[in-house]
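> Numbering (my numbering), first residue to last: 14 to 414. Positions of the beta carbon are idealized from the N, C-alpha and C atoms, including for glycine. These numbers were taken from a predicted model, which means no experiment stands behind them. What follows is a single structure, and I will ask about it in a moment.
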Amino acid sequence: MASLEATAEYRGTNPAASTAEQVASDVPQLRDISKELPEMLIYTTSADSYEQVRAFFNASVTQQPLAVIRPRTDTEVAATVRELHARGIPFGIRSGGHDMDAAQAQGRDGVLIDLRGLDSIVVAEDKRSVRVGGGTLGIKLSQFLHQHKLITPHGWCQTVSIAGWALGGGYGYASAFYGLGADQMLGGRVVLANGDIVDTDEHPDLLWALRGAGNGSFGIVVELRLKVYPETGFLGGFLAFPNAQVESVLAGFAEFEQELPINFTGEASHMALPGVGPVFAWLFAWTSQDDELGEGWAFLEKMKALGTPIMNTVAAAAGVPDATAQASDFEEYKKWTDNLVEDIANQGHSLPWGNRNLAPEKDMDWVATYGDETVARLKEIKRKFDPDNVFRTGYPRLDLL
């Protein structure tokens, strides 16, 4: 039995990059690496496709780096890291591009390493694991595995990279049943600050660190090995209630929350539906142990009985409902919140309020969230694999040195 490798339809495309002349003219600092690896894709500001490859999912990230480098092999990643480090050029790392921290984008003095050229997918012969490139998107992996009656957990948003999602912990539609994304990680290949390419099979401490703290803090993950499972029955969709029922719905849910079946994973949120307005909605996911979905349908009825549903899109499906945040959604949210603020202000005795766009950023001590014992071990691993703090734009930002 041979391994299964994804074809072009399950992989991304790469726009035409800058010519060697454009690289030499726009960013002379990259001339040497352009000559050393002439096949590597380098996008400088004069390239027609620069803005296309620079853009982040979050359109508010507008920084324009010196160049975007899109490696397609481990060797290209290693050479890029060595060259940028040797020349003192700061760089950020991007896979799916969904993080909210603009630090990865870099400014005019930095380079963005875009991993979306590393999007290979190879299922092992025994169909119990899959090797994915560091820039493979969750939706592409899900579609390929579905063709072979297999699954591996991924996030609610399908265009997030599977590596970025798992390295940050990885909460998703099947977390209760299969565990977090970090639980699926069997190993990986990592480019270190000195350009060495190592495998976590030889460095189990590095794998430990990558499981939940590995988004750009210790090296560049160019490949992950993940668990895969036989495909089973699945229910997914949205279940929404009138906003006025939020208290009673949550109170009812609390009565059986401690006894939730592991098949159910849900996420509650306020949403603004076009033509409806603000609602309280559950993102509903039920993963069956087999193909039978009777228990899932029964649990859905239990959830529906919590209130008066005004929307129910839950259905049998082959994959997770897409919960990607779209710009159009936020236009509805903005109308909702602006109208609410106006109503409160008009009462004449409102609390002080201000412009959310001018509100100061709140610093978060991410390191403290890991706990003292874990932080001590992470710092030890950081000193071992990146003593010069070359990888300093991880997400979340961890000050480990």
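Return helix, strand or coil for Val-403, following the three-state DSSP convention.
Position 390 of the sequence shown, counting from 1, holds the residue named residue 403. Reduced to three states, the DSSP call for Val-403 is coil.
> Would you kindly work out how many angstroms separate the C-alpha atoms of Arg-410 and Ala-311, rounded to a whole number?
Taking the first residue of the sequence shown as 1, we reach residue 410 at position 397. Taking the first residue of the sequence shown as 1, we reach residue 311 at position 298. Near 43 angstroms, if we compare the C-alpha coordinates of Ala-311 and Arg-410.
> Measure how close the beta-carbons of Val-145 and Leu-220 come, nearest whole angstrom, since I'm counting them as under 8 angstroms.
Residue numbering aside, residue 145 sits at position 132 when the sequence shown is read from its first letter. Residue numbering aside, residue 220 sits at position 207 when the sequence shown is read from its first letter. Not quite, the Cβ-Cβ distance comes to about 15 angstroms (not below 8 angstroms), so this is no contact.
> Distance check for Lys-153 and Phe-343, CA to CA, integer angstroms please.
On the sequence shown, residue 343 is found 330 positions in, with the first residue counted as 1. On the sequence shown, residue 153 is found 140 positions in, with the first residue counted as 1. Any reading at Phe-343 needs caution, since the residue's pLDDT is 47, under 50, leaving its predicted position unreliable; the model's value is listed next. Rounded to whole angstroms, Phe-343 to Lys-153 spans 26 angstroms at the Cα level.
> By Cβ distance below 8 angstroms, which residues in the same chain neighbour Leu-273 in space, the five residues on each side in sequence not counted?
Translated into the one-based positions of the sequence shown, residue 273 becomes position 260. Excluding residues within five positions, the ones whose Cβ falls inside 8 angstroms are Ala-189.
> Is DSSP giving Val-262 helix, strand or coil here?
Taking the first residue of the sequence shown as position 1, residue 262 is located at position 249. In this structure, Val-262 counts as helix in the three-state DSSP scheme.
> To which residues of the same chain is Phe-404 closer than 8 angstroms at the C-beta, ignoring the five residues directly before and after it?
For the purposes of this step, residue 404 is taken as the residue at position 391 of the sequence shown. So the qualifying residues of the chain are Ile-106, Ala-206, Gly-229, Ser-230, Phe-231, Gly-232, Ile-233.
> What number of angstroms, rounded off, separates the C-alpha of Ala-298 from the C-alpha of Met-14?
By one-based count along the sequence shown, residue 298 stands at place 285. By one-based count along the sequence shown, residue 14 stands at place 1. Roughly 33 angstroms separates the two Cα atoms.
> Got a sec? Which residues, its chain only, sit under 8 angstroms from Phe-269 by beta carbon, not counting five neighbours each side?
For the purposes of this step, residue 269 is taken as the residue at position 256 of the sequence shown. The residues are Lys-315.
> Span of the alpha helix (DSSP H) holding Val-190?
Taking the first residue of the sequence shown as position 1, residue 190 is located at position 177. According to the sequence shown, residue 190 is Phe rather than Val. Counting along the chain, the alpha helix (DSSP H) containing Phe-190 begins and ends at 188-191.
> With distances taken between CB atoms, is the gap from Pro-166 to Tyr-191 smaller than 7 angstroms?
In the sequence shown, residue 166 corresponds to position 153, counting from 1. In the sequence shown, residue 191 corresponds to position 178, counting from 1. Cβ atoms of Pro-166 and Tyr-191: closer than 7 angstroms.
> Could you check where the alpha helix (DSSP H) with Arg-6 kicks off and where it finishes?
One cannot answer for residue 6 here, as it falls past the ends of the chain, which runs 14 to 414.
> What is the rounded straight-line gap between the Cα of Ser-261 and the Cα of Leu-319?
Residue numbering aside, residue 261 sits at position 248 when the sequence shown is read from its first letter. Residue numbering aside, residue 319 sits at position 306 when the sequence shown is read from its first letter. One C-alpha to the other measures close to 7 angstroms.
> From the DSSP output, read off the bridge partner residues of Met-284.
Against the sequence shown, residue 284 aligns to sequence position 271. Met-284 is bridged to Val-292.
> Touching or not, the segment 236-255 and the segment 93-111, by the rule of three or more beta carbon pairs under 8 angstroms?
Too few Cβ pairs lie closer than 8 angstroms, so no.
> Just to confirm my understanding: we take Ala-294, look at its own chain, exclude 5 residues before and 5 after, and list those with CB closer than 8 angstroms. What are they?
One-based indexing of the sequence shown puts residue 294 at position 281. Excluding positions up to five away in sequence, the list reads Phe-251, Leu-252, Ala-253, Phe-254, Ala-281, Ser-282, His-283, Met-284, Met-324.
> For the pair the segment 194-204 and the segment 301-309, tell me if three or more CB-CB distances fall below 8 angstroms.
Touching, no, given that fewer than three Cβ pairs across the two stretches are closer than 8 angstroms.
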